[in-house]
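S.K.: I'd like to ask you about the structure that follows.
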Amino acid sequence: MTTGRDSSTRPARTRFGWLRAASDRVPTRWFAGIATALFLAATAAFGGLATAATPDITALEPGDEHRNDQVAMTIDRAVLIDEFEDAGVYVEEGERVLALLVSVENTWDEPLSATPDSSVTQSLTVDGLGDPPDSVARYDDATINPVLQPGVPAQIVLAWAVEADAFDDAQELKLTFNDMTLHTGSFVANGQWWTDPVAAATVSIAVEDIGAGG
Amino acid sequence: MRRWATWAIGGALIVAAWGVALITPPEDAFERPFPVTVGVGERGEGRNIAITVHEVRRAEAASAGEWTAEGNWVIIDLDAEAVISEFGTLLSLATLEVDGRTYAASERPDSLRRGSLSVGIPRSGSLAFELPDDVDPADAVLTLGLDSDPRLDSLIVVPIDLSEIDVESDAELQPSEWSTR
Amino acid sequence: MTHGWWRRNAAALAAVVVLVPVTVGVIAANEWSDWDLGHPTKATTVDAGDSTIYGGATIGPASAEFTDDAGIPPGTRVVHATVLITPADEPISCLSPLLRETGGAQRQWDEASFELDRDYDPSLKTSCDSELPIRYSLTLDYLVPADATGPFALELSTGDALPQFVRLVVEP
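Chains as they are written, first to last, in the working numbering: chain L, 9 to 222; chain D, 6 to 186; chain C, 693 to 864.
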């Protein structure tokens, strides 16, 4: 091709001649085959084409704590009560209140707002109750929609107004703890929030019917 | 061109590129808030907020009127006022950062949290922060602002050394009222 | 880019220099006009003692004076203002007017009758009565610091007439 000539006097159209010679040697017909082989090798290295195994769902007892990066929750009690206005829930004719007493600790490093449709209440789902709680309140001073400070445990009440005969005394209530993922907003969204609940543990607790309260 | 010149220019360009990468501001730099840092006892003035922190107290129990609660409480006594407009102006951002964790002013007692501010007329009161029992805080940073979204507005930032403050057994929050100072 | 290049592309470059700022301006004006139309942005300034027609009513005259009140903190005083409202065919509705300094930093205060500790008098109106078709006055109190000496402007707006609003200048 270009032998023995000084590079400053090489004419322009053969300046990249060596590159052309090299690329002529690459077997372009084999590109597809080589790419497929590389893809399969990488897939095999990452575990193959089978579906990833979902994490096991642990079965817990009432009083056991479920801890993740967002919250640590323990179910203390589930009660059925005629009225529970201190918890911020108001019932109509033919309704009673189903209240869950939950000990919560914020394990994240920012405050978490425990409102009825927050990531805190999405971390706990009740079989048979599709809606989020009607109200969330602290058990000790009845603060509605409490803010959970990082590392500070609190006992909160999640309350639903339900049909009077929807639940019986000593009925087993199946609850699911969900793990959420921390999402960082980008482009048009700003901040960080917890989203995408994935079932991680279950608890079965018996509902106590305490009548009018006490 | 001489070969050494080519290499020298190439090397200089690489160094320049490294320098540009170092001084490039981060992605969110265009939306950063404007912090005004002051000490305890000094008045910090932002665009529409001016705060003077008078005292920082720590206690094992906090009370405000009839409400009381035990815990690891940090109580900040402060004066707050607006500067140019008071329509819809509230002290909505009040956080204490200790050891990498951010605590928000507690909503449990009545306090200056989300209190409305007046232009030129300071309101005095307290903010209460509930910390975990096992945290013995040393350096803390108090941040105060008008909106929980602090981007592109002023923030008053007060660094506090909590290790110098003795822990009382009980502390009462000051009522929210017009400042008499 | 040789000298010939500039001459050959002169027309295109001139068009770019003109059209780029115009495009930015048109897009910005278009986006802002929605916000603009829903907020009080176009003022009609009324001198002290005069009145104007706005929103189908005669607004003004307005007057103000500095007064004191029992419960106010030291270093403050009250601007007590009255505005005459004369509806024409239909009653007019408005929120409590804002008080703004006309000079300096143009600080703004909210109507404060509620904050001042006095007995509730239902005959005193602090915002337009949307049902009253006859002439009435607004009685407004603003708590201002002592260094606010005026003159001030009372900013009044009614939803139907936005973005127009009225600035009644008062000199207490």
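Think of the CB as a built atom: it goes at the ideal place given N, C-alpha and C, for glycine as much as any other residue.
Compare the beta carbon distance of T57 of chain D and D84 of chain D with 8 angstroms and say whether it is the shorter of the two.
M.R.: By one-based count along the second sequence, residue 57 of chain D stands at place 52. By one-based count along the second sequence, residue 84 of chain D stands at place 79. A contact, by the Cβ cut-off of 8 angstroms.
S.K.: How big is the Cα-Cα spacing for A197 of chain L and D852 of chain C?
M.R.: As a working mapping, residue 197 of chain L is identified with position 189 in the first sequence. As a working mapping, residue 852 of chain C is identified with position 160 in the third sequence. Spanning the two alpha carbons is a distance of roughly 34 angstroms.
S.K.: Are the segment 152 to 168 of chain L and the segment 179 to 198 of chain L touching by the rule of at least three beta carbon pairs closer than 8 angstroms?
M.R.: With the cut-off at 8 angstroms, the segment 152 to 168 of chain L and the segment 179 to 198 of chain L do not touch.
S.K.: Assuming L88 of chain L contacts E180 of chain L under a Cβ cut-off of 8 angstroms, what Cβ separation, rounded to an integer in Å, is found between them?
M.R.: Sequence index remark: in the first sequence, residue 88 of chain L carries index 80 (1-based). Sequence index remark: in the first sequence, residue 180 of chain L carries index 172 (1-based). Their Cβ separation, rounded to whole angstroms, is 13 angstroms, which puts L88 of chain L and E180 of chain L out of contact at 8 angstroms.
S.K.: Using a Cβ-Cβ distance cut-off of 8 angstroms, determine whether S181 of chain D contacts chain L.
M.R.: Within the second sequence, the letter at position 176 stands for residue 181 of chain D. Output row for S181 of chain D: interface = no.
S.K.: Does the distance from the CB of L223 of chain L to the CB of Q163 of chain L come in under 8 angstroms?
M.R.: Because chain L in this structure spans residues 9 to 222, residue 223 of chain L falls outside the shown range and cannot be described.
S.K.: Determine, for H59 of chain D, whether the minimum Cβ-Cβ distance to residues of chain L falls below 8 angstroms.
M.R.: On the second sequence, residue 59 of chain D is found 54 positions in, with the first residue counted as 1. No, its Cβ sits nowhere closer than 8 angstroms to a Cβ of chain L.
S.K.: Need the endpoints of the alpha helix (DSSP H) that D158 of chain D sits in, please.
M.R.: Taking the first residue of the second sequence as 1, we reach residue 158 of chain D at position 153. Careful: D158 of chain D lies outside any alpha helix (DSSP H) and carries neither H nor E.
S.K.: So with CB distances below 9 angstroms, who are the chain L contacts of P137 of chain D?
M.R.: As a working note, residue 137 of chain D is residue 132 in the second sequence. Under the 9 angstroms cutoff, chain L gives E113, Q157, P158, G159, V160 and P161.
S.K.: If we cut at 8 angstroms on Cβ distances, does E118 of chain L have a partner in chain D?
M.R.: Within the first sequence, residue 118 of chain L is the residue found at index 110, counting from 1. Closer than 8 angstroms to some Cβ of chain D, the Cβ of E118 of chain L qualifies, so yes.
S.K.: Would L178 of chain D pass as a contact of A145 of chain D if the rule is Cβ separation under 8 angstroms?
M.R.: Within the second sequence, the letter at position 173 stands for residue 178 of chain D. Within the second sequence, the letter at position 140 stands for residue 145 of chain D. No; because the gap between Cβ atoms is not below 8 angstroms, this pair is not in contact.
S.K.: Using the beta-carbon count (16 or more within 10 Å), is D142 of chain L buried or exposed?
M.R.: Stepping through the first sequence from its first residue, residue 142 of chain L is reached at position 134. By the neighbour-count rule (16 or more Cβ atoms within 10 Å), D142 of chain L is buried.
S.K.: Which residues in chain D sit within 8 angstroms of T151 of chain L, going by Cβ to Cβ distance?
M.R.: The count along the first sequence starts at 1 and reaches residue 151 of chain L at position 143. Neighbours of T151 of chain L on chain D, chain order: E112 and R113.
S.K.: Quick one: grab the DSSP three-state call for T818 of chain C.
M.R.: Here the question's residue 818 of chain C lines up with position 126 in the third sequence. Looking at T818 of chain C - three-state DSSP - the assignment turns out to be coil, as it is neither helix nor strand.
S.K.: Cβ of E60 of chain D within 8 angstroms of Cβ of D82 of chain D?
M.R.: Counting from 1 along the second sequence, the entry for residue 60 of chain D is found at position 55. Counting from 1 along the second sequence, the entry for residue 82 of chain D is found at position 77. Going by C-beta atoms, E60 of chain D is nearer than 8 angstroms to D82 of chain D.
S.K.: To the nearest angstrom, report how far apart D64 of chain L and P140 of chain L are at their CA atoms.
M.R.: Taking the first sequence and counting its residues from 1, the one referred to as residue 64 of chain L is at position 56. Taking the first sequence and counting its residues from 1, the one referred to as residue 140 of chain L is at position 132. Approximately 25 angstroms between the Cα atoms of the pair.
S.K.: What span of residues does the alpha helix (DSSP H) with H695 of chain C cover, start to end?
M.R.: Here residue 695 of chain C refers to the residue found at position 3 when the third sequence is read from its first residue. First-last of the alpha helix (DSSP H) with H695 of chain C: H695 to R700.
S.K.: For T10 of chain L, would you say it is in contact with chain D, using Cβ-to-Cβ distances shorter than 8 angstroms as the test?
M.R.: Translated into positions along the first sequence, residue 10 of chain L becomes position 2. Summary for T10 of chain L: the model assigns pLDDT 49, below 50, so the residue's position carries little reliability; its value from the coordinates is reported in the next sentence. With 8 angstroms as the cut-off, T10 of chain L does not count as an interface residue toward chain D.
S.K.: Name the chain E residues that come within less than 8 angstroms of T185 of chain D, Cβ to Cβ?
M.R.: In the displayed structure, chain E is absent; the protein chains listed are L, D and C.
S.K.: Would DSSP call D141 of chain D helix, strand or coil?
M.R.: Position 136 of the second sequence holds residue 141 of chain D. Coil, per DSSP.
S.K.: In three-state terms, what does DSSP make of L88 of chain L?
M.R.: For the purposes of this step, residue 88 of chain L is taken as residue 80 along the first sequence, with counting starting at 1. L88 of chain L: strand per DSSP, three-state reduction.
S.K.: Can you name the start and end residues of the beta strand (DSSP E) that S829 of chain C belongs to?
M.R.: Against the third sequence, residue 829 of chain C aligns to sequence position 137. Y828 to P837 is the extent of the beta strand (DSSP E) around S829 of chain C.
S.K.: Taking beta-carbon pairs under 9 angstroms, can you tell me which members of the segment 800 to 822 of chain C lie near chain D?
M.R.: Listed by position, the residues of the segment 800 to 822 of chain C near chain D (Cβ gap below 9 angstroms) are Q800, W801, D802, A804 and E807.
S.K.: Flag this pair as touching only if the segment 65 to 75 of chain D and the segment 33 to 51 of chain D have three or more C-beta atom pairs under 8 angstroms; answer yes or no.
M.R.: They do not touch, by the three-pair rule.
S.K.: With L132 of chain L as the anchor, note down where its alpha helix (DSSP H) starts and where it stops.
M.R.: As a first step, residue 132 of chain L must be located in the first sequence, where it is residue number 124. Counting along the chain, L132 of chain L falls outside any alpha helix (DSSP H), though it belongs to the beta strand (DSSP E) covering L132 to V134.
S.K.: Go to L18 of chain D, then tell me how far its alpha helix (DSSP H) extends in each direction, as first and last residue.
M.R.: Working through the second sequence from its first residue, we reach residue 18 of chain D at position 13. R8 to I28 is the extent of the alpha helix (DSSP H) around L18 of chain D.
S.K.: Looking at the ligand FAD, does it come within less than 7 angstroms of D726 of chain C, judged from the CB to the closest heavy atom?
M.R.: With respect to small molecules bound, the structure shown includes none, and the ligand FAD cannot be examined in it.
S.K.: Can you list, in chain order, the residues of its chain whose CB lies under 8 angstroms from that of D171 of chain D, leaving out five sequence neighbours each side?
M.R.: The residue you call residue 171 of chain D lines up with position 166 of the second sequence. Within the same chain, D171 of chain D has close Cβ partners R63.
S.K.: T62 of chain L to V206 of chain L, Cα distance in whole Å?
M.R.: Sequence index remark: in the first sequence, residue 62 of chain L carries index 54 (1-based). Sequence index remark: in the first sequence, residue 206 of chain L carries index 198 (1-based). T62 of chain L and V206 of chain L: Cα-Cα distance of roughly 10 angstroms.
S.K.: The beta strand (DSSP E) spanning L787 of chain C covers which residue range?
M.R.: Here residue 787 of chain C is taken as the residue at index 95 of the third sequence, counted from 1. It is not in any beta strand (DSSP E) - L787 of chain C carries neither H nor E in the DSSP assignment.
S.K.: Whole angstroms is fine: what's the gap from L860 of chain C's alpha carbon to E171 of chain L's?
M.R.: As a working note, residue 860 of chain C is residue 168 in the third sequence. As a working note, residue 171 of chain L is residue 163 in the first sequence. Roughly 58 angstroms separates the two Cα atoms.
S.K.: Is G752 of chain C buried or exposed, if buried means 16 or more other CB atoms sit within 10 Å of its CB?
M.R.: As a working note, residue 752 of chain C is residue 60 in the third sequence. Buried, because 16 or more other Cβ atoms sit within 10 Å of the Cβ of G752 of chain C.
S.K.: Count the other CB atoms within 10 Å of the CB of S815 of chain C; is the residue buried (16 or more) or exposed (fewer)?
M.R.: The residue you call residue 815 of chain C lines up with position 123 of the third sequence. Exposed, by the Cβ-count rule.
S.K.: Run through the DSSP bridge pairs and tell me what W183 of chain D is partnered with.
M.R.: Locating residue 183 of chain D in the second sequence gives position 178, counting from the first residue. Answer by DSSP bridge pairing, in chain order: D:R128.
S.K.: In terms of alpha-carbon separation, which member of C:G741, C:E723, C:I784 and C:S788 lies closest to F92 of chain D?
M.R.: Counting from 1 along the second sequence, the entry for residue 92 of chain D is found at position 87. Minimum Cα distance to F92 of chain D is reached at C:S788.
S.K.: Quick check on this structure: which residue in C:T736, C:D739 and C:F806 has the alpha carbon closest to the alpha carbon of G763 of chain C?
M.R.: Here residue 763 of chain C corresponds to residue number 71 of the third sequence, with the count starting at 1. The option with the nearest alpha carbon to G763 of chain C is C:F806.
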